[in-house]
Every structure is written in C-alpha cells, then in structure tokens.
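In the numbering used here, the protein residues as written are 7 to 277.
For reference, the structure discussed in these notes is given below.
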DNA sequence: AACATTGTCAACCGCTTTGCA
DNA sequence: ATGCAAAGCGGTTGACAATGT
C-alpha cells in the first residue's frame, strides 16, 4: 500500500520552471492567494505537482524575497540561530526577512560551513574543533543529525516548542550559550538584546520580524495613499512586473514601493 | 582552446507534522 | 481516538557556471 503520491505523476512536468509557468503561477496566486497547493496546478493550468508550485513560489517568486548573497550580519545571525536551533532552517529563515529556508540551507552548506571550519569551529556543534581535525571536514560535516554532540542532544535536538514554558527562561538560554563554562562570545549581541526574538525562540510569541507575505498585509506607509489607482493594466502586466522584480530583488525598490503596488492590486481586485 | 574540477543553487524526494472529519 | 489528506520541512541531487590546469 503505502501513502498516495502527492500528485498524479503521469503528465506532471519536472525540472526548471519556464517564464510562462512562472507567469501562470504568479497570476493565480495574486488572484486567489497562496492556498490549496494540491488543487492549484489544475486551477492555474499548470502541469506541475502542487508541491513544486509551493516551492517555486516560496523560494523564488514571492515578491518579498531578497536576492543575492547573505550580508555579513545576516550570516552572523544564521550562525547564532543555528547554534541554538540546529538544522531547523525554516525556523532560522523566519528570523531573516526575505530569506528562504532553502536559501539559508544552501548558504550554510556552501559558505558558512567552510568559514567555520577555517576558523576551527565545528559547524555542527559550534564548539572548537580538536586540533587534528581542523583541516579535515569529514569528522564534522559528515555527521548526521543523530551524531550530534551532547550539547545538541541536550539543547537543540529537543525542540523549544516541546519545552514547557515554565522551564524556558532567558537564564536557560544563557546557560546554553556557554562553552566550557565560559560565556560564548555572542555573534550577534543584538539578537540577545531583542526580547521579542528571545520570547519567540522560547515559543511564547509570533516571529518578531516581517510577517509572511502570504498574508498580504504589510504595514501602512505614507506613500500608499499617493496613488490608489491600479498600477497595472492587466494581470499579465502585474505578473510580468513581478517576474522582472525577482531579477532585481524587491528590496532594490524598497518595501514601501512593494506595499503600494500590492495594495493597489488588492484594492483593484476587490472592486 | 579544451578539458577537468569545483562551486552554487533550484528543484525534487520522502518523511514528519498538522488539521480536520 | 483514529485515519486520512494536505502542507511543511530538511536532506539530497543534478544542471549549469566558474575556475583551474
């Protein structure tokens, strides 16, 4: 028996997305919102698996995505969050607005891992590597999640969500941030100063940073009122614009501009 | 210039989690 | 409480680009 495949494999296209497919997906999601992934391909006229559509949207087409390499500060934040959360990329990504779990995972595997190894830090445990293993990646990078150090057994492999709130405290976090009884130098002090983030990590709150664009409710801004008429003549124009946008990165325009467009689009849709 | 090697990242696969009847 | 479907997640793969020889 086994579980049903997520989609009808017959006739389902795989591999890189074409511009035409992107356009269809963008158009559908702008009209209907990101929902019902399983039904979406049929409704949007795509010969793709719903999963594939969701991935394409969340990792590439979403208008709030930043493009390009992670900045120095983002990298530090990733390292710090990874030390606490382990390979929970989606959790890490939720604290970096405009970045996806896939992107962070890729960046970790291709850049950060190597940087840490160069510095003699085990990218899995975030502890100093034994001297003889500094030059060899195999000891640490090949380790599976099950081969984590005791530190991870105690901290990161036990999800924060599973920890009772009574047990969770800032003090506990601070203990976790020590190495060999010495406070580990915080890679991003600002992170620990951020009570909202700490609270979130402890499971008390919603993510403190940018809301998911899926809600399509970004903060108001002054510019928004400037132009309440539709920006695009048609959905095709809108989809084309979004596809152009992804090449630059929406942040090149500033999120304010995005809000204006999105609100206009949504307003237009309601009429 | 041609080939080999290495790096990057989009996309896929399969397992887990979540939500609902 | 249980079973199923859908969504989410993390590991892995493979195509392409960049770099080295």
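Glycine included, each C-beta is placed from N, C-alpha and C at the ideal position.
The model shown is predicted, which means the values in this text are computed figures rather than measured ones.
DSSP bridge partner residues for residue i (one or two, in chain order)
i	result
residue 134	127
For residue j and residue i, the rounded distance between their alpha carbons
i	j	result
residue 20	residue 92	31 Å
residue 130	residue 37	43 Å
residue 90	residue 62	28 Å
residue 107	residue 86	15 Å
residue 31	residue 64	11 Å
residue 133	residue 57	37 Å
residue 59	residue 81	28 Å
residue 75	residue 35	27 Å
residue 73	residue 135	33 Å
residue 83	residue 110	11 Å
residue 98	residue 45	29 Å
residue 39	residue 127	43 Å
residue 69	residue 114	23 Å
residue 28	residue 42	17 Å
Residues near residue i by beta carbon distance below 6 Å, same chain, minus five either side
i	result
residue 122	129
residue 54	19 and 47
residue 71	104
Reference residue i; option with closest CA among the options
i	options	result
residue 23	43, 78 and 52	52
residue 94	42, 67, 112 and 44	112
residue 79	27, 44, 45 and 103	103
residue 117	101, 100 and 77	77
residue 25	96, 115, 43 and 66	66
residue 119	88, 100 and 101	88
Close Cβ partners of residue i (< 8 Å) along its chain, the five nearest in sequence each way excluded
i	result
residue 125	none
residue 96	107
Own chain partners of residue i with C-beta closer than 7 Å, once the 5 adjacent residues on each side are dropped
i	result
residue 49	34
residue 17	53
**Prompt:** Which runs of the alpha helix (DSSP H), 4 residues or longer, sit entirely within the segment 26-106?
**Reply:** 46-50, 56-62, 78-91 and 95-99
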